[in-house]
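Heads up: the sequence shown begins at 785 in the working numbering, then just goes up one per residue. Backbone N, C-alpha and C fix where the C-beta goes; we use that ideal spot for every residue, glycine too.
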Amino acid sequence: MTFNINWDKNGVYVKFRGIVNAQDLIDANNYVISNKNFEDIDYQIFDFANIEEFDIRKKDIQIIGLMDKSQSEFKKSMKVAIITQDDTVKEITNEYDRLMKSSSWLTEIFADVDSARKWCVK
């Protein structure tokens, strides 16, 4: 497993490390959306700041986007913060953002955890 998940009262923080592939991201996403706490949270933070490699393609992120878009049908309000300074990660996550534009979920990319948390709680 290349990620750790920490829940708090209002959200979830997923910290990735090492080489992150599509299955890792799908597993983390499935864990979050299938957890009993999911219906009570307002935000998700996915932290890719300290990874070694991001082995995820456009088609992979489209799967994640479709999963989340279907969740947005019943979970109307959600902020998804993505932490990275890597251009490749930004490019792929911009595809996720494009897919989620027609949903009620808000997505944003941040350079650090503090900025992401501030956005999530306002």
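Query, Result
"Runs of beta strand (DSSP E) wholly within the segment 800–828 (minimum 3 residues, chain order)", "802–805"
"Cα-Cα separation, N790 to T877", "21 Å"
"Beta carbon of F832 nearer than 8 Å to that of I867", "yes"
"Distance, N788 Cα to Y797 Cα", "8 Å"
"Contact under 8 Å by Cβ, D829 with A865", "According to the sequence shown, residue 829 is Ile rather than Asp. Yes, the pair counts as a contact, with Cβ atoms nearer than the cut-off."
"Three-state secondary structure (DSSP) of I866", "strand"
"Collapsed DSSP secondary structure at D896 in the structure displayed", "coil"
"Reference M862; option with closest CA among D808, I893, N814, F822", "F822"
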